[in-house]
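Undergrad: So the sequence shown is residues 1 to 252, counted in UniProt numbering. Each residue gets a CB set at the ideal place from its N, CA and C atoms; glycine is no exception. Shown below is the structure under consideration.
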Amino acid sequence: MPKVKIYVDMLSQPSRAVLLFCRLNKIDIEVNMIHLDHGDHYQQENLLMNPLAQVPWMDDDGFILAESHSIMRYLAATKKGVPDHWYPSNQQRRARVNSALDWELSTLRRGCTELVLSKVLGPIYGISVPDKTEKYSREILKKSLGLLEDYWLNGPGRFIAGECAPTIADLSLVCELKQLDLMDVEERSEIVDKYKRVQKWMAEVEQELGPHFEDVHKVHYVVAARAQAGREEMPESERHARQSILECLTPA
Ligand SMILES: N[C@@H](CCC(=O)N[C@@H](CS)C(=O)NCC(=O)O)C(=O)O
1 MPKVKIYVDM LSQPSRAVLL FCRLNKIDIE VNMIHLDHGD HYQQENLLMN
51 PLAQVPWMDD DGFILAESHS IMRYLAATKK GVPDHWYPSN QQRRARVNSA
101 LDWELSTLRR GCTELVLSKV LGPIYGISVP DKTEKYSREI LKKSLGLLED
151 YWLNGPGRFI AGECAPTIAD LSLVCELKQL DLMDVEERSE IVDKYKRVQK
201 WMAEVEQELG PHFEDVHKVH YVVAARAQAG REEMPESERH ARQSILECLT
251 PA
């Protein structure tokens with residue numbers, strides 16, 4: 001079987017979730033870097049493959065699919081050896097995973113991504129974001145964290161679908177929330193610290209995923225450290241760091 005081709009940018013949280021999923025499940029992949037800041041996703045050959053022009057997307061022997069949640073569901077359903085806990089075959093548990101993933105897109109991701117864009121990435125990449133976006137996204141994020149704490153994580157189990165092993169919903173939501181590392185430490189604490197269950201769950205998911213989690217977030221950590229240091233441009237040398245991560249992403 002040919003390798004599944006995955007197209008990602010290491011600074012994209014849904015890209016990291018898909019990579020992590022492939023790596024955890026030893027899916028044979030070829031990783032292709034799409035540098036969003038260079039506009040790679042708008043190059044003709046990429047647009048022909050993925051007119052949606054967003055990462056991640058995949059090509060499984062000619063079958064092209066975008067959207068991280070759909071990619072993980074597809075891979076869980078079609079690749080041998082993916083343990084059932086990631087996307088349970090029990091229809092009610094699966095429905096709960098889907099419910100959390102849908103909820104993430106309309107709430108948590110909106111708040112998180114837009115806040116980080118307006119506070120950190122916008123200034124770095126020269127994208128101006130209206131003041132009201134910052135205010136609005138902060139409110140959405142706080143409300144979403146409250147719901148994560150009191151609803152999604154309020155079940156009997158350690159994870160979102162209430163069981164004893166993580167699902168693709170845990171993977172996706174944790175990768176999204178990691179994006180807050182890019183924010184000023186005090187500002188992040190002011191938003192996140194009161195949600196104790198959320199913090200415990202994030203730490204447990206990270207621990208459960210082990211070194212794979214760290215590897216997939218290597219470039220993210222570099223950029224987060226730079227953002228903390230308050231510098232405004234990402235130097236070429238750090239862009240190249242994204243290429244060097246290819247080796248550790250391809251399963252042995
Ligand atoms: N719902 C999509 C979101 C994809 C997405 O927003 N990707 C961003 C990076 S995190 C992107 O490609 N942005 C480039 C653009 O929109 O021009 C998924 O989960 O895959």
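Measuring straight from C-alpha to C-alpha, what distance separates Ala227 and Ala100?
TA: Spanning the two alpha carbons is a distance of roughly 30 angstroms.
Undergrad: Please state the DSSP three-state secondary structure of Lys26.
TA: In the structure shown, Lys26 sits in coil (DSSP, three-state: anything other than H, G, I, E or B).
Undergrad: Alpha carbon to alpha carbon, how far is Gln243 from Met33?
TA: Model confidence at Gln243 stands at a pLDDT of 49, short of 50, so the residue's coordinates are unreliable; what they give is reported in the following sentence. In a straight line, the C-alpha of Gln243 is about 7 angstroms away from that of Met33.
Undergrad: Rounded to a whole number of angstroms, what is the C-alpha to C-alpha distance between Leu141 and Glu176?
TA: The alpha-carbon atoms of Leu141 and Glu176 are separated by roughly 11 angstroms.
Undergrad: Which same chain residues, not among the five before or five after Glu30, have their C-beta less than 8 angstroms away from its C-beta?
TA: Closer than 8 angstroms at the Cβ level, and outside the excluded window around Glu30, lie Lys3, Val4, Lys5, Ile6 and Thr250.
Undergrad: CB of Gln207 to nearest heavy atom of ligand 1: below 7 angstroms?
TA: No - ligand 1 has no heavy atom lying nearer than 7 angstroms to the Cβ of Gln207.
Undergrad: Measure the alpha-carbon distance for residue 327 versus Leu24 and round it to whole angstroms.
TA: Because residue 327 is not part of the residues shown, which for the chain are 1 to 252, the question remains open.
Undergrad: With a threshold of 7 angstroms, establish whether the CB of Ala76 neighbours any heavy atom of ligand 1.
TA: False, no ligand heavy atom lies under 7 angstroms from that Cβ.
Undergrad: By how many angstroms is the C-alpha of Leu171 removed from the C-alpha of Arg96?
TA: Computed Cα separation, rounded: 14 angstroms.
Undergrad: Measure the Cβ-Cβ separation of Met202 and Val174 and say whether it is below 8 angstroms.
TA: Contact flag set, yes.
Undergrad: Just to check my reading of the structure: Val18 and Pro51 have Cβ atoms closer than 8 angstroms, yes? What is that Cβ distance to the nearest angstrom?
TA: So it is not a contact: roughly 19 angstroms between Cβ atoms.
Undergrad: Looking at ligand 1, does it come within less than 7 angstroms of Pro14, judged from the CB to the closest heavy atom?
TA: It does: the Cβ of Pro14 is within 7 angstroms (strictly closer) of some heavy atom of ligand 1.
Undergrad: Is residue 253 helix, strand or coil when you go by DSSP?
TA: The structure shown does not extend to residue 253, since the chain is modelled only from 1 to 252, so the question has no answer here.
Undergrad: Rounded to whole angstroms, what's the CA-CA distance from Asp61 to Lys119? Just pull it up for me.
TA: So the two alpha carbons sit approximately 40 angstroms from each other.
Undergrad: Determine whether the beta carbon atoms of Gln179 and Val116 lie at a separation below 8 angstroms.
TA: Cβ atoms of Gln179 and Val116: closer than 8 angstroms.
Undergrad: Tell me whether the stretch 83 to 94 and the stretch 161 to 168 touch, counting them as touching only if at least three CB pairs, one residue from each stretch, are closer than 8 angstroms.
TA: Segments in contact, yes.
Undergrad: Quick one: residues in its chain with C-beta nearer than 7 angstroms to the C-beta of Ala252, no 5 flanking neighbours on either side, listed in chain order?
TA: With a pLDDT of only 39 at Ala252, under the threshold of 50, the placement of this residue in the model should not be trusted, and no figure is reported.
Undergrad: Considering only the alpha carbon of each residue, which of Val216, Tyr221, His220 and Gln54 lies closest to Leu20?
TA: Minimum Cα distance to Leu20 is reached at Val216.
Undergrad: Just mark Gln44 as buried or exposed, buried being the case when its beta carbon has 16 or more other beta carbons within 10 Å.
TA: It is exposed - the Cβ of Gln44 has fewer than 16 other Cβ atoms within 10 Å.
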